[in-house]
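Q: Here the working numbering runs 2 ahead of the position in the sequence shown, where the first position is 1.
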Amino acid sequence: MSKRTRWILLAALAIIVAAAIVLFFLFLPFSQPAPTASPTPTSVATPSAAPVAADALVVVRTVATDSSGASLALTMVVHRPVDKDDPSVVGDLARLDSDCARDANLPAVDSDAGAGIERIDITASQQGSTEWPAASEIPIMPLAGNLKTSSGAIIAPSASYANSPPLPRCQRVLSLYGAGRGTLTVFLSPRETVGSPLDSPNTFRWLKQEYGFFASQGPEGGLSFAHCTVEVTDAARDFGWTADAWHETEDQYSCNGSGVFI
3 MSKRTRWILL AALAIIVAAA IVLFFLFLPF SQPAPTASPT PTSVATPSAA
53 PVAADALVVV RTVATDSSGA SLALTMVVHR PVDKDDPSVV GDLARLDSDC
103 ARDANLPAVD SDAGAGIERI DITASQQGST EWPAASEIPI MPLAGNLKTS
153 SGAIIAPSAS YANSPPLPRC QRVLSLYGAG RGTLTVFLSP RETVGSPLDS
203 PNTFRWLKQE YGFFASQGPE GGLSFAHCTV EVTDAARDFG WTADAWHETE
253 DQYSCNGSGV FI
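What follows is the structure, encoded as structure tokens:
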């Protein structure tokens, strides 16, 4: 092979190699950085009320704040009354009898035929890091018009209401003191229809009831409420509740539902 031919072949080979390199880079699928996946938003659970018992009639919820900045989330669950002869309320009757000091002017809770016993559960949960002051009270409805007793260290006779002349404990206003759980037991007199503007004996009972919390000293006391709700359940409607016999107060100094005469 002549020298000239070799140079021609080498030149052709060089052209072919160069063309191959150019074509390689022209058609090479350049790798692109993988797109960064957008972070999946963290689902924030909407605060929701815990399910209530099947026999719950009224549920009152609110947040109480003291002048110190301490806050308590409050829940009151009013259960359907049971007959005072029901075996489950023997202990409640005994406490009522003791708290009423066997006052002859009060109904005989152990012998009043047709009477009922109503339990009201109260839960208070601290909100934030500031503890509720030991001396700060939240008065509870029902008030002194109902014979009642209580269990749980967070419930005690109110210090805001003078006890003069001295009343049996079962007639005093009770208040909530701090976080925890407690139960009110309320004595309900026999169903009456005399004087009732409505026909239903159950409705007459509704006219006499009040449930919730209030600030006894108003703005001067430093206690206020927010996020107040009063829920009346289907069980309450089955038990004779009507809107005509009911009034709700949901403001800065009261969170309650109560019976009203129409």
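Virtual Cβ for every residue (Gly too), placed ideally from N, Cα, C.
1) Using a 10 Å radius around the Cβ and a threshold of 16 neighbouring Cβ atoms, would you call E139 buried or exposed?
2) Buried or exposed, going by whether 16 or more other CB atoms sit within 10 Å of the CB of S152?
3) Is DSSP giving G103 helix, strand or coil here?
4) Beta strand (DSSP E) containing A238: first to last residue?
5) For the beta strand (DSSP E) containing A75, name the first residue and the last one.
6) How long is the line joining the alpha carbons of R171 and D68, rounded to whole angstroms?
7) Within 8 angstroms, do at least three Cβ pairs link the segment 85 to 100 to the segment 122 to 139?
8) Report the CB separation of S177 from A158 in whole angstroms; it is logged as a contact under 8 angstroms.
9) Does the separation of the CB atoms of Q128 and L190 fall below 8 angstroms?
10) With burial defined as no fewer than 16 other Cβ atoms inside 10 Å of the residue's Cβ, what is the status of N258: buried or exposed?
11) Between A72 and G182, what straight-line distance do the alpha-carbon atoms span, to the nearest angstrom?
A: Taking the coordinates as given:
1) buried
2) buried
3) The displayed chain sequence assigns Ala, not Gly, to residue 103. Coil.
4) Careful: A238 lies outside any beta strand (DSSP E), inside the alpha helix (DSSP H) at D236 to D240.
5) S73 to H81
6) 26 angstroms
7) no
8) 7 angstroms
9) no
10) buried
11) 15 angstroms
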